[in-house]
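J.: So the sequence shown is residues 6 to 431, counted in this note's numbering. Let me give you the structure first, and then I'll get to my questions.
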Amino acid sequence: MDVLIVGGGGREHALAWKARQSVDAGRVYVAPGNAGTAAEPGIENLDIAADDVTGLVGRARELGIGLVIPGPEAPLVAGLADALATVGIPCFGPGAEAAQLEGSKAFAKAFMARHAIPTAAHATFTDADAAAAWIREQDTALVVKADGLAAGKGVVVARDAAAAEAAARDMLAGNAFGEAGRRVVVEEYLPGRELSFMALVDGTDVRPLATSRDHKARDDGDRGPNTGGMGAYSPAPEVDSALFQRILDEIVEPTVEGLAADGIHYRGFLYAGLMLDAAGNPRVLEYNCRLGDPETEPLLLRLESDLVALCRAGTEGGLPAAEIEWDPRPALGVVMAAGGYPGSYRKGDAITGLAGLEDGDRKVFHAGTAQAGDGAVITAGGRVLCVTARGDDLEVARRRAYAAVDAIAFDGAFCRRDIGAGDAGG
Ligand code: AMP
Ligand code: GLY
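Here's what the structure looks like:
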């Protein structure tokens, strides 16, 4: 069966690489892919943008694709899964209505309130003066979020009421995130440690994946602006089986039951971004309707089961019988980014030192890379590579990943040096 992976980041390189190892997989296509997927044996890039729903559906039909696995949220929010369903092509990703869990933070917060899913107290505004008045009445630290999709950047953790008010006014005026900011969610700041919890979902059938942790801030020590993620590791060691079960019982089950009660069939990966407070109570910061990036890169380095078979089971009512096996050893990925990211950055710089770094325990997943005319690999995005390694413990995985990072160079390259350090992060 031929498989189409949609997207062109590190997560999609990892998905395509893993799909290629499936017994079921014939050809693996990636739209649009990157220089890393282009170089993989048995994987072919298609020159179609990840959010070109019409183009994707048309090519999937022409090629007789048997399964589509979308990576990013944009095509899902735009209705890719619905469009594929109308032409009978199985897709392991939610339809546009279900994807609202990520596509609209106001939708997600109202959903959580309706179904008593633990999350930060919040209010939603379209009017700047109303937002400002409410903000001034609060006596907790606040977080201001653009309602719509903003590539992981539409969130401002405010130092004080004045900063929260300024962020809300800026977003509502359409300055900061355009239409995505015309409605804002303002919520209570939750202290604690973040955790990424993902599952395969088909209606109320759930198969959880291993835990992971992303490092969202740009700089060491969790400083600097929020990014899409600067590195990740799996598993999160403090999540014992009791906490894992609690997250399933208090967050994941109520979520899928709530969706079903609202008449929404959710199919695909579901991501709950959680905050664990000092007592270990989990609360939801956000939902994503997809796998995390860069969490997917270390996760898939640990996955021993057949990815295509799992996703296919998710489209055929087969999740209850699906078994997911993990390498018990931890894995860790370090993102190498282009100077300026998450602001504007340069493209087209040659990347050197990539050869000879990969073995059974280490893999360099490409994100924003492209092939120049002469075959050289050049930068083409903000997050350029995710250098991922596995080891007997987190420290070994970490050293293995950073040894490869230190061999790779491009102008302006930077990375965090503390991914997984002392199990710090969040
Ligand atoms: P989100 O896109 O909603 O996950 O927000 C991006 C990042 O902002 C999260 O990963 C957290 O690091 C931070 N954040 C969001 N909401 C909160 C909150 N209520 N309290 C503390 N930090 C938050
Ligand atoms: N790494 C966080 C995300 O994918 O949203």
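C-beta atoms are modelled at their ideal positions from N, C-alpha and C, and glycine is treated no differently.
Within a Cβ cutoff of 8 Å, which residues of the same chain sit near L399, ignoring the five residues on either side of it in sequence?
T.: Y238, P242, P335, L337, G425, D428
J.: Quick check on the DSSP output: the beta strand (DSSP E) that includes P303 runs from which residue to which?
T.: Counting along the chain, no beta strand (DSSP E) covers P303; the unbroken alpha helix (DSSP H) around it starts and ends at 301-307.
J.: Does the segment 141-158 come within contact of the segment 192-200, defined as at least 3 CB pairs closer than 8 Å?
T.: Output reads yes: the segment 192-200 touches the segment 141-158.
J.: Should Q105 be labelled buried (16 or more other beta-carbon atoms within 10 Å of its own) or exposed?
T.: buried
J.: Would you list the one or two residues that DSSP bridges to T384?
T.: Bridge partners of T384: T374.
J.: Looking only at its chain, what residues have a beta carbon closer than 6 Å to the beta carbon of G430, apart from the 5 residues adjacent to it on each side?
T.: Interpretation of G430 is limited by its pLDDT of 41, a score under 50 that renders its predicted location unreliable; no figure is taken from the coordinates.
J.: If we define contact as Cβ-Cβ less than 8 Å, is C316 a contact residue for chain B?
T.: The question asks about chain B, but that chain is absent: this structure has only one protein chain.
J.: Please confirm if the segment 288-298 is in contact with the segment 74-86, defined as three or more CB-CB distances below 8 Å between the two stretches.
T.: yes
J.: Just curious, the alpha helix (DSSP H) that E193 is in, first and last residue?
T.: E193 -> not in any alpha helix (DSSP H); beta strand (DSSP E) instead, spanning 189-193.
J.: For a quick check, are the C-beta atoms of A173 and A137 less than 8 Å apart?
T.: Yes; because the gap between Cβ atoms is below 8 Å, this pair is in contact.
J.: Helix, strand or coil, according to DSSP, for C420 in the structure here?
T.: coil
J.: Measure the Cβ-Cβ separation of T384 and A409 and say whether it is below 8 Å.
T.: no
J.: Can you look up T59 in the DSSP assignment and give me helix, strand or coil?
T.: helix
J.: Can we count K114 as close to ligand 1, meaning its CB is less than 7 Å from some heavy atom?
T.: no
J.: Starting from E49, trace the beta strand (DSSP E) in both directions and tell me its first and last residue.
T.: 48-50
J.: Pull up the DSSP beta-bridge partners for E199, would you.
T.: M280
J.: Taking the alpha-carbon positions, what's the A318 to V289 distance?
T.: 27 Å
J.: Cβ of A125 versus every heavy atom of ligand 1: is any distance shorter than 7 Å?
T.: Yes - ligand 1 has a heavy atom lying nearer than 7 Å to the Cβ of A125.
J.: In whole angstroms, what separates the C-alpha of V82 from that of G100?
T.: About 7 Å.
J.: Should P80 be counted as a contact of ligand 2 given a C-beta to heavy atom distance under 7 Å?
T.: no
J.: Which two residues bound the contiguous beta strand (DSSP E) that contains A172?
T.: No beta strand (DSSP E) holds A172; the alpha helix (DSSP H) holding it covers 166-177.
J.: DSSP state of T393, grouped into three classes?
T.: T393: strand per DSSP, three-state reduction.
J.: Relative to the C-alpha of M280, which candidate in G348, L248, G197, I256 has its C-alpha closest?
T.: G197
J.: Run the Cβ filter for me: residues under 7 Å from any heavy atom of ligand 2, listed in the order they occur in the chain.
T.: G157, S201, D219, K221, G233, G234, A237, Y276, G278, N293, G297, D298, P299, E300
J.: What does N293 pair with, by DSSP beta-bridge criteria?
T.: Y276
J.: Once the 5 residues before and after A43 are set aside, which same chain residues still bring their CB inside 7 Å of it?
T.: N50, Q376
J.: Pull up the distance between the alpha-carbon of G285 and that of T59, whole angstroms please.
T.: 45 Å
J.: Taking Cβ positions, are A265 and G226 nearer each other than 8 Å?
T.: Cβ atoms of A265 and G226: not closer than 8 Å.
J.: In chain order, what residues of the same chain lie with their CB nearer than 7 Å to the CB of A79, ignoring the 5 residues before and after it?
T.: Residues of the same chain with a CB within less than 7 Å of the CB of A79, apart from the 5 flanking positions on each side, are A55, D56, L154 in chain order.
J.: By DSSP, does L9 sit in helix, in strand, or in coil?
T.: strand
J.: Output the distance between the C-alpha atoms of A21 and V35, rounded to the nearest integer angstrom.
T.: 7 Å
J.: Between the segment 385-397 and the segment 349-358, are three or more C-beta pairs nearer than 8 Å?
T.: yes
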